[in-house]
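Residue numbers (this note's numbering), protein chains in the order written: chain C, 1 to 199; chain L, 200 to 649.
We treat Cβ as the ideally placed atom computed from N, Cα and C, and that holds for glycine.
Structure first, commentary second.
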Amino acid sequence: MGQIIISVGREFGSGGRVIAETLAKRFNIPIYDRHLITEIAEKTGLAPEEIEKYNENPKHRLFSRSVRGYSNSIEDNIAEMQFDFIEEKAKSGESFVVVGRCSETKLKKYPSLVSLFILGDMDEKIKRVMKVYELSEDKAKAFIDKKDRKRKRYHNYHCSGHWGDSRLYDLSINSSRLGIDGTVDMLEKYIRARMGEQG
Amino acid sequence: MTAAQIFAVIIFIAMFVMIVLDKIERHYVTLGSGILTLIIVFGICMRSGKAIWDTIAIKGFVTKDFWYQVTESESKGINWATIIFIAGMMVMVEGMAKAGFFRWLCMKIAFLVKCKTIPIFITFMIMSSVLSMFIDSITVIMFLAAVTIELAQLLKFNPVPMILSEIFCANLGGSATMCGDPPNIIVGTSLGYSFFDFLTNTGVAAGICLVFTIVFFYFAFRKEIVTEGSSNVDLSKFPKPSEAITNKRDFIISSVIFGIAVVLLITHAMTHLTVASIGLFIAAITLITSGKNALELIKKVDYKTLVFFIGLFIVVGGLEETGILELIAEFIEKISGGNVMLMVAIILWVSAIASAFVDNIPFAATMVPVIQSLAATAGVNLNTLAWALSIGTDIGGSATPIGASANVVGTSVAAKNGYPIGWGKYCKKLAPATVIVLAISTVYIFARYL
């Protein structure tokens, strides 16, 4: 098998992370999501909780400044470390799945990149979040809005394209249509077709 | 207020807000604002070709005074002397960095004090101040912070207090000379001061403050920077200072050029060479001696900063030509009730507080015409106000992580190596240190000049 990099962007509650994990299992390749934090924690000696605090967070504009590519914002620096990390992995020829982290843009130059965006219907997303986080409907909705707003700001700050804009990804798919398993099956077929293998 | 004044103020405020928001790169912001000033304020509202011509100030290039100046004079509009000087120093610094000068110097000093933590802590603070007197603080901190982290990992101490102290001292050292910090270059070239004028005025203040600063940081951080384990260090395991030198010939040449730059700057009041000539000369000899690497050095020059300056000077020129800055000066005179002490204190502390949160370069560029006007109308000595402005803008920037370039670079280098420094950690020790140094400087100015 040649190199394959699967980038999974996702709306909160769409099941994107589960889809990414399942794809990683089916292709038997590592996945970088939470693991990205532990790897960076090991590399820098920082506590994973500390990285988690700043992970995929946009910086506070009023409290940050950049000078010649250096930024005082910890969010920015953690983001840069993660971009460097996935870039290194991609360069080394390793196959992997990466969740978020602007990977569809940051790894665009690699021909082996398959970029996906998983979205979902609001009522389905609310149901999922209510179940996973044990929240009431209102709270789940507010939580989804908050998380997506953050991801959008994070993405649009680090990339010129807009988060969730279909033109940025090879494939945007609504997971509410086929369900999680159906979506994974369909994506697996697509990825295998891209790899030139028979599904 | 006239239409020209209203537009000049709107453009200025919009520019400041955009710089703070950091959504568009700041050089585009100032250049765009500069073009708007030329078109709307000077062209449409004032219909004054002269104002445009005065602000662009290109004719200055062909005057002898621009390059060789016997009597000191004041400049207006785009401060080309500042831009040429900064560009020249950028070329020189790139040459020095490429040859490994800064890394070598840091390692050499660490070895001279036998890699013992507390002596490194103190000597690095002094080195940071001294280097920043001649070289931009961004470069100084870039190398100093990187070496500090390297030593911290070898010697197993926490590099954060040391980096914070180095940042503070870089800003303090920058205040000591005309070329140490961009606000000083602007104040110096706009008002016709020499390197020596700064050294004997703000330099003395910085020297006094440095002593207090070292004592303050020693007591503030001494518990945090104790090396774990034994105090005996095996120097043989450390990278040798000489390993930092990438090319011996380049290293010697760049050291000599740096020496020449220092001598030319110190003596420029006697040789009558302006900082513009010195910048151009230093850049030229760096490029000539670097041979085929010259193009690489030119490419590394931070053009964005130079464009940022050009745009900025035009916008400030808009405020100046329309008389807005005189209004501000009148306002300061009014609230101080003609009390000179209060006026000086306002200039120093307002400059400091503003510089802690916004870029001190636009602030200084704006305040220079204000203090000129204040000196003319209120009868205060212009020099006193100029030193208060320089010290305020240079030192005030140390108080927060975004106040000065060195702070941003230092905290960024630390974060990239696994030592994130948030606002809380930064301000806890550096904000009080800033207040102490400002208080000492205020007393110094009152005692010496009033």
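Reducing DSSP to helix, strand and coil, say where residue i ends up.
i	result
Asn383 of chain L	helix
Val549 of chain L	helix
Ile31 of chain C	strand
Val425 of chain L	coil
Tyr625 of chain L	helix
Gly199 of chain C	Residue placement at Gly199 of chain C cannot be trusted, given a pLDDT of 42 that sits under 50; what the coordinates show is reported in the next sentence. Correct three-state label for Gly199 of chain C: coil.
Val500 of chain L	coil
Val67 of chain C	strand
Leu472 of chain L	strand
Tyr618 of chain L	coil
Tyr110 of chain C	coil
Glu134 of chain C	coil
Ser374 of chain L	coil
Ala603 of chain L	coil
His60 of chain C	coil
Pro318 of chain L	helix
Lys436 of chain L	helix
Glu349 of chain L	helix
Assign residue i to buried or exposed, taking buried as 16 or more other Cβ atoms, counted over all protein chains shown, within 10 Å of its Cβ.
i	result
Pro631 of chain L	exposed
Val339 of chain L	buried
Asn580 of chain L	exposed
Asp396 of chain L	buried
Met288 of chain L	buried
Arg10 of chain C	buried
Asp335 of chain L	buried
Met655 of chain L	As displayed, chain L neither begins before 200 nor continues past 649, which places residue 655 of chain L out of reach and without an answer.
Gly199 of chain C	With a pLDDT of 42 at Gly199 of chain C, under the threshold of 50, the modelled position of that residue is not reliable, and no figure is offered here.
Met469 of chain L	exposed
Ile451 of chain L	exposed
Leu299 of chain L	One detail in the question is off: residue 299 of chain L reads as Gly in this sequence, not Leu. Buried: at least 16 other Cβ atoms inside 10 Å.
Asp558 of chain L	buried
Ile456 of chain L	buried
Measure from the alpha carbon of residue i to the alpha carbon of each residue in the options, then state which is nearest.
i	options	result
Val608 of chain L	L:Ile366, L:Phe300, L:Phe310	L:Ile366
Ser172 of chain C	C:Thr22, C:Gly16, C:Gln3	C:Gly16
Met326 of chain L	L:Ala309, L:Lys313, L:Lys315	L:Ala309
Cys408 of chain L	L:Leu637, L:Arg647, L:Leu649	L:Leu637
Thr488 of chain L	L:Val500, L:Arg448, L:Asp501	L:Arg448
Asp264 of chain L	L:Val474, L:Gly242, L:Tyr643	L:Val474
Gln3 of chain C	C:His155, C:Phe12, C:Leu113, C:Ile37	C:Leu113
Asp593 of chain L	L:Ala460, L:Asn400, L:Gly379, L:Gly259	L:Gly379
Asn582 of chain L	L:Leu649, L:Ala344, L:Ile523	L:Leu649
Asn616 of chain L	L:Gly623, L:Val359, L:Asp433, L:Lys422	L:Val359
Trp548 of chain L	L:Ile570, L:Val514, L:Val515, L:Gly595	L:Gly595
Gly536 of chain L	L:Gln571, L:Leu354, L:Ala577	L:Ala577
Glu52 of chain C	C:Arg61, C:Leu62, C:His60, C:Ile40	C:Ile40
Val634 of chain L	L:Met542, L:Phe562, L:Ala555, L:Pro568	L:Ala555
Could you spell out where the alpha helix (DSSP H) holding residue i opens and where it closes?
i	result
Ser172 of chain C	Premise fails: Ser172 of chain C lies in the beta strand (DSSP E), 171–174, not in any alpha helix (DSSP H).
Val99 of chain C	Unbroken run through Val99 of chain C is the beta strand (DSSP E), 96–99; no alpha helix (DSSP H).
Pro568 of chain L	559–577
Cys408 of chain L	394–420
Asp84 of chain C	74–91
Asp264 of chain L	263–266
His226 of chain L	225–235
Asp449 of chain L	447–465
Glu293 of chain L	279–298
Quick one: what's got a C-beta closer than 8 Å to residue i's C-beta in the same chain, skipping five residues either side?
i	result
Leu230 of chain L	Val506, Phe507, Ile509, Gly510
Tyr625 of chain L	Leu363, Thr599, Pro600, Asn606, Thr610
Met245 of chain L	Ala203, Glu520, Thr521
Phe12 of chain C	Lys125, Val129, Phe143, Ile144, Lys147, Asp148, Arg151
Tyr267 of chain L	His471, Leu472, Thr473, Ser476
Please list the terminal residues of the continuous beta strand (DSSP E) segment that includes residue i.
i	result
Ile118 of chain C	113–119
Arg10 of chain C	5–10
Among the residues of its own chain, which have a CB less than 6 Å from the CB of residue i, if the five just before and after it don't count?
i	result
Ser640 of chain L	Ala404, Ile590
Val240 of chain L	Ala203, Phe206, Ala207, Gly517
Glu293 of chain L	Leu496, Lys499
Should residue i be listed as close to the ligand ZN, given that the test is whether its C-beta is under 7 Å from any heavy atom?
i	result
Gly93 of chain C	Annotation note on the ligand ZN: not contained in the displayed structure, which lists no ligands.
Just to confirm my understanding: we take residue i, look at its own chain, exclude 5 residues before and 5 after, and list those with CB closer than 7 Å. What are they?
i	result
Leu398 of chain L	Ala375, Thr376
Asn72 of chain C	Ser64, Arg65
Val228 of chain L	Met214, Met217, Ile218
Val329 of chain L	Gly372
Val164 of chain L	Any answer about residue 164 of chain L is impossible in this case: the structure gives chain L only from 200 up to 649.
Leu655 of chain L	With chain L covering only 200 through 649, there is no way to say anything about residue 655 of chain L.
What does residue i touch in chain D if you count any residue whose Cβ is under 8 Å from its own?
i	result
Thr38 of chain C	You won't find chain D in this structure, because its protein chains are C and L.
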